[in-house]
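Chains as they are written, first to last, in my numbering: chain A, 1 to 980; chain B, 1001 to 1408.
Just so you know, even glycine gets a beta-carbon here, dropped at the ideal spot from N, CA and C.
All of these numbers come straight from a predicted model, not from anything done at the bench.
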């Protein structure tokens, strides 16, 4: 792009002025100060970018009214066009005309200028000495801004978009903010999330609540049941307590009733009826008892009399005894006679006994009994005693003879026996002979036994065979039976098995035994034959010896025969002697017998015994007579005594005193007794008569009593009693029972008021204290239970409410939905934010990239220019970065910060940079560069170098150089110089 | 008599799950939105009762474990109880959103509800008048994901039962839009001799195959700007040789997307009037959430947008519309201005703009937005930007900067 010409209608000091610019090289516009250089510069800028009205007023020309003018530009694609701006026309906005006559507006112009603003243009393409002052502090951003400002978009637009985005972003979200929408949403969401969690976890306990509720209702049910039970129990207790006194009465009553018999038959109105009867009966009874009393008196009297009255037999006895009175007197007399006779006899007897003088007394005589044979006995004894004396002498002689004979014979025998052979020897010889004969006999016998044995052997075998057959047979039978037993399981078969086994074994054993026994017997028969041989000579000698021995023996035998007959005779004597002694003993026995009977005989010689007998006989007869007399006396005495006895007997039963009395007195008493008896008898008769009358009266009364008594008996019968007492007792019982029953009914009624059920068997073991304490206990339990139930109910109600609340609760659902919606909203906002954020990031990134791209180009160019300007002293320039300002590197690698450089060097650097920027940017946008006294402080050398650079640049771009320096103009002698 | 069963097939109820992409709604609408999934459930129950179906099939994702609310299950229980009163059985399985182990409120459902208890395929037998009419097969997700093909486990157990229905919560293999949960291939399902395949997981309603029917009933309530149109369930009547399928809309709120050409509006009031007219033309029996796209070539609209005039107009339009019975609400709008101006071309020659465009080509959006997107506090609530979103942000940012830089 190139400026072609500028026509100023009016701008500052310039009015109706025209400038033509050279197409190639540097347009050096030279003028003194105040010559209007800067105004022209400004006019160009005004043309390009316009100017705010206030600023425009400043440049309004004093002389003519028209502020404005035209700038003709040549652009690559568009060709030549003219920008026209006038203060008064369209408010200073541009109007462009192209060569083909088209008109364009401001917008078109901006577009054509690729969005470069006034400021940008100024910063890139137009620069002045003043700008250098800021350079030292130039930072990365500043440079970047400069670069960004270049281009179509322009840094302002970018800035405003960035700002807008930032605003919107921070309206939506700040990482640590509270206010922005997303932050708010997030907070709300977090809260909601928490609430959802909360409500969810609340719902989680739903299951537990349900379980709890079930358990609670179960508990309550159980407890209510318990309470009901307790209540019933307590009611029962209370009822029992109330009923207790009644109950006690009742139980007592029952006890009493129990004591009474179950059935108490009693006539209707029994007592009254009975009383009435009694009142009727009583006078009769008293009459009757009076009669009975009378009767009793009579009877008593009779009894008394009768008791006094001896028995009739007694009376008769007494009469009889009175008859004995005469007998008694005769007996007394007779006894006296007999007594005198006895005395005489006794005297005579005494005399005679004394005459005998054999030591016998009267009593002996009385006892003495002399039977008729005594006399004979005594005579026989006298004869036998004499005979025996003679016989004894004869016997003693015979004995002497016989003893002598025997002695002789015995001597003869002894001589013969000495000649006799030794009997031992004889027996040996005899033995030898016997043995020889026996041997032969034995030989024959053994032959016989051998035969017998063979026969036995055969038989034994046969028997054994039968035995084993028997044994096996029985075993088999036993086995079969055993098998059957096992199959049939019958004990009978077992018994059979065992029996058969035993039988088999038994017959086997028995046979064996028998055979063994037989064996022994047969075996014993085997006798050994001893060989004792005796020859005939020996035998003969022996036989001779034997013969002499036999004859001697015969002699001895004859003598012994004689001895035997002597002995026989001796024996006969002995017999005789024995008989004699026996006879003597018999006699002695008889004598002793007689002496025993009559001891007095001991002192009397046997020869005098017959005489003594006759004397004794006489004495005994006398004594007999005396005894008889005594007997008669005794008889009389007995008769007397009998009378006495009879009397005594009578008296003993009648009157003891009488027994003390003698018979005559007793007899007198008897007479009195009989007279008394008769008089009493008469009295009794009298009383009896009276009793009879009385009885009649009694009967009459009884007759009257009878119906009453029958009635009473009937009453008794009904009452099942038999006495009045028991009747009355029963009556009382009945009365009692009636009363008790009545009471019981009342009590039962009362009890039934307490207990609905008609239970008759109420427990009566209740203890009042126990009941009371139990009731109290129950009450406490009840209260406790009630409390618990209430509590549980409350809990249940709460839980139910909670459950219901949970079931009907919309909270969780609501929160959930709200949460989801919020989340969606958040996501939506987040996306919105993401778009903004991405946009912003994208913009920033683009900005950065854009800057980076152009910065490197600029720096490169800067290094070139800087090196050129400093004559190669610096080889590198580094743009600001990381908070650091520009720094440069010398050719010998020394780093210098901008602040360390001299003012001149800094100016050089800045100029290099400006040139670099301008050149790079111009390459992109191809805008002319305007310089306004840029190197006023440079020395000639540097100025020359710069001019070289400018010339160089000008070969590519149009350059407008405003200067007031003459020397500067000299550098551009060959360029286009426009003098103002 | 011809054997016949009727049932309702629904899936993906997502009860009480919040909507996606709704950053703001007036509170009245917000309440209705919150209730919308439940209303859809109520409509489902009403439909089942009205149609007197034998049973209801719900193939997974009844609610979201991630955003579980007790309300969801309590209301579900109530709905089932209502069905119970009408002797309608419910056969349901759990899906990837309501997988068994993630459920923190195991609510006891009434006895008419049969839930497939495990990941192994099992079956329930539906009995009507003592006659075993249908065998229903299915499985529930025990964990967040079931990645293996489950089709082989679907085996007819009892030939004497006339109808066999498979419930499967998963997606077709090679379907790139969704995670491959319980993947299956259509041909595999065909081979099973089942009478009906009640699928779940895909929110877009589609009949993959007519005979036998292999059906995604879709979700019952759209919760996303992309889930537009009518949402509901299928009412199915199976006879021995025929199938009758009727779609029953259940949604309480409909997502609708409309475009309005406002090129000729040179006045902001004109634009408002045009919008009003256009919106009044939309008739719907349920309230609608509108996504509006304004088409224009008019440069002035740019200015209106920048000056939030459009926002004001939308607000003006929304204000009376949201109080109507079948209200509508423009929850999102976009001004698409197609001007001849092209940033890329018009500023060539300007080194800065050129540099800017050059920057925009590979600009790292992630880094630039890290300040917010990686901020600890914000990170947890912000969704990671997708490539597309990044690109959009970049373009928008570039346009914004260029427009702003060259604004007159």
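Helix, strand or coil at residue i [DSSP, three-state]
| i | result |
| --- | --- |
| residue 1 of chain A | coil |
| residue 159 of chain A | helix |
| residue 514 of chain A | helix |
| residue 84 of chain A | strand |
| residue 686 of chain A | helix |
| residue 1205 of chain B | coil |
| residue 79 of chain A | strand |
| residue 1018 of chain B | coil |
| residue 1242 of chain B | strand |
| residue 455 of chain A | helix |
| residue 1007 of chain B | strand |
| residue 825 of chain A | helix |
| residue 979 of chain A | strand |
| residue 1114 of chain B | strand |
| residue 1184 of chain B | strand |
| residue 1406 of chain B | coil |
| residue 1386 of chain B | coil |
| residue 719 of chain A | helix |
| residue 8 of chain A | strand |
| residue 1062 of chain B | coil |
| residue 1170 of chain B | coil |
| residue 870 of chain A | coil |
| residue 853 of chain A | helix |
Where the alpha helix (DSSP H) containing residue i begins and where it ends
| i | result |
| --- | --- |
| residue 367 of chain A | 362–367 |
| residue 741 of chain A | 724–754 |
| residue 1059 of chain B | Premise fails: residue 1059 of chain B lies in the beta strand (DSSP E), 1055–1059, not in any alpha helix (DSSP H). |
| residue 808 of chain A | 768–808 |
Residue j beta carbon less than 7 Å from that of residue i
| i | j | result |
| --- | --- | --- |
| residue 1292 of chain B | residue 1335 of chain B | no |
| residue 771 of chain A | residue 240 of chain A | yes |
| residue 866 of chain A | residue 874 of chain A | yes |
| residue 378 of chain A | residue 610 of chain A | yes |
| residue 1109 of chain B | residue 1077 of chain B | yes |
| residue 1116 of chain B | residue 1152 of chain B | no |
| residue 99 of chain A | residue 80 of chain A | yes |
Boundaries (first-last residue) of the beta strand (DSSP E) holding residue i
| i | result |
| --- | --- |
| residue 876 of chain A | 874–878 |
| residue 932 of chain A | 929–932 |
| residue 960 of chain A | 959–963 |
| residue 1337 of chain B | 1328–1337 |
| residue 1136 of chain B | 1131–1138 |
| residue 27 of chain A | 26–30 |
| residue 1198 of chain B | 1196–1200 |
Beta strand (DSSP E) segments (min. 3 residues) lying fully within the stretch 880–912 of chain A: Correct list: 887–890, 895–897.
The stretch 837–850 of chain A: positions lying closer than 9 Å to chain B by Cβ: The stretch 837–850 of chain A vs chain B, Cβ under 9 Å: 837, 838, 839, 840, 841, 842, 843, 845, 846, 847, 849, 850.
Contained alpha helix (DSSP H) runs [length at least 4] in the stretch 1351–1384 of chain B, N- to C-terminal order: Listed in chain order, the complete alpha helix (DSSP H) runs (minimum 4 residues) inside the stretch 1351–1384 of chain B are 1351–1361, 1365–1373, 1376–1379.
The stretch 154–171 of chain A: positions lying closer than 9 Å to chain B by Cβ: Taking 9 Å as the Cβ-Cβ cut-off against chain B, the residues of the stretch 154–171 of chain A that qualify are 154, 157, 158, 160, 161, 164, 165.
Length at least 4, wholly inside the stretch 373–436 of chain A: the alpha helix (DSSP H) runs in chain order: Runs of the alpha helix (DSSP H) inside the stretch 373–436 of chain A: 374–419.
Near-chain B residues of the stretch 825–837 of chain A (beta-carbon distance less than 7 Å), N- to C-terminal order: Contact annotation: in the stretch 825–837 of chain A, residues whose CB is within less than 7 Å of a CB in chain B are 825, 826, 827, 828, 830, 831, 833, 834, 835, 837.
Short-range partners of chain A found in the stretch 1005–1030 of chain B, where Cβ spacing is below 8 Å: Cβ contacts with chain A: 1016, 1018, 1019, 1020, 1021, 1022, 1023, 1024, 1025, 1030.
Members of the stretch 1033–1054 of chain B that neighbour chain A once the beta carbon cut-off is set at 8 Å: Residues of the stretch 1033–1054 of chain B whose Cβ lies closer than 8 Å to any Cβ of chain A, in chain order: 1033, 1034.
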